[in-house]
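Chemist: Be aware that the sequence shown starts at 1166, since it is given in our numbering, and climbs by one per residue.
Let me begin by handing over the structure; questions about it come next.
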Amino acid sequence: MTLIQTLVKHRRNRIARELLMLYGLEVHAQTPIGKNFTLQHRGMGTVIHPGAVIGDNVTIFHQVTIGRADAYVPWDESPMERIEIGDDAVLCAGAKILGGPGVTRVGAGTVIAANAVLTTSTGEWEIWGGVPAKKLGERKGNAA
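Now the structure itself:
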């Protein structure tokens, strides 16, 4: 387990939160994160919204934002419920996952390309890229 993974695991501890901030990494203490969570390049510049749910075996590269599309609206007036990142998803460098009304889901095994801006839910084992992000293809998953 890397230092960053250890700090994320213990992010409820004030010292761990402060050390994460030195890396420019913001992960809310209450955000559920699954097993085998990987932050590439120390997750520098990554921000994960408190309303996010991160599945197992998720890989997130640097400069990723998981947040609200309506950040200008007061928190209690936002129609966004949460953002769910499915198991085995990969969020490449600079990807932005911006949740809209309700729940925005990144399906299991889905890859969000570098610098993509995703504002809608995806299916499972897909590849999305662009601004705004569109489905570019599919990838082989763990389907039986």
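Cβ atoms here follow ideal geometry from the backbone N, Cα and C, with glycine treated the same way.
Model, not experiment: these values are computed from the prediction.
Do you know offhand how far Val-1218's Cα is from Pro-1197's?
Modeler: 5 Å
Chemist: Extract the residue ranges of the alpha helix (DSSP H) inside the stretch 1168-1203, only unbroken runs of 4 or more that lie entirely within it.
Modeler: 1168-1174, 1179-1187
Chemist: Using C-beta distances below 6 Å, list every residue in its chain close to Asn-1222, excluding the 5 sequence neighbours before and after it, in chain order.
Modeler: Once the five neighbours on either side are set aside, the close Cβ partners of Asn-1222 are Asn-1201, Asp-1252, Asp-1253.
Chemist: Using a Cβ-Cβ cutoff of less than 7 Å, which residues in the same chain neighbour Thr-1275 once the five nearest sequence positions on both sides are dropped?
Modeler: Gly-1251, Ala-1254, Thr-1287, Glu-1289, Trp-1290, Glu-1291, Trp-1293
Chemist: Helix, strand or coil for Glu-1249, going by three-state DSSP, please let me know.
Modeler: strand
Chemist: The beta strand (DSSP E) spanning Gly-1302 covers which residue range?
Modeler: 1299-1303
Chemist: Do Gly-1216 and Gly-1189 have their C-beta atoms within less than 7 Å of each other?
Modeler: no
Chemist: Take Gly-1302 and list the residues in its own chain whose beta-carbon comes closer than 6 Å to its own, dropping the five residues that flank it on each side.
Modeler: A distance below 6 Å between beta-carbons, with the five flanking residues on each side excluded, links Gly-1302 to the following residues of its chain, in chain order: Ile-1292.
Chemist: Among residues of its own chain, excluding the 5 on either side of Val-1268, which ones have a beta-carbon nearer than 8 Å to its beta-carbon?
Modeler: Glu-1246, Arg-1247, Ile-1248, Glu-1249, Ser-1286
Chemist: Whole angstroms are fine: how far does the CA of Lys-1300 sit from the CA of Thr-1203?
Modeler: Thr-1203 and Lys-1300 have their alpha carbons spaced roughly 24 Å apart.
Chemist: With burial defined as no fewer than 16 other Cβ atoms inside 10 Å of the residue's Cβ, what is the status of Gly-1295: buried or exposed?
Modeler: exposed
Chemist: Please look up how many angstroms separate the CB atoms of Ile-1277 and Ala-1298, rounded, as I've assumed it's under 8 Å.
Modeler: 7 Å
Chemist: What do you reckon, are the CB atoms on Gly-1265 and Ala-1236 nearer than 7 Å?
Modeler: No, Cβ-Cβ distance for Gly-1265 and Ala-1236 is not below 7 Å.
Chemist: Mark Ala-1194 as exposed unless 16 or more other C-beta atoms lie within 10 angstroms of its C-beta, in which case mark it buried.
Modeler: exposed
Chemist: On the CB-based measure, 16 or more other CB atoms within 10 Å of its CB, does Arg-1304 come out buried or exposed?
Modeler: exposed
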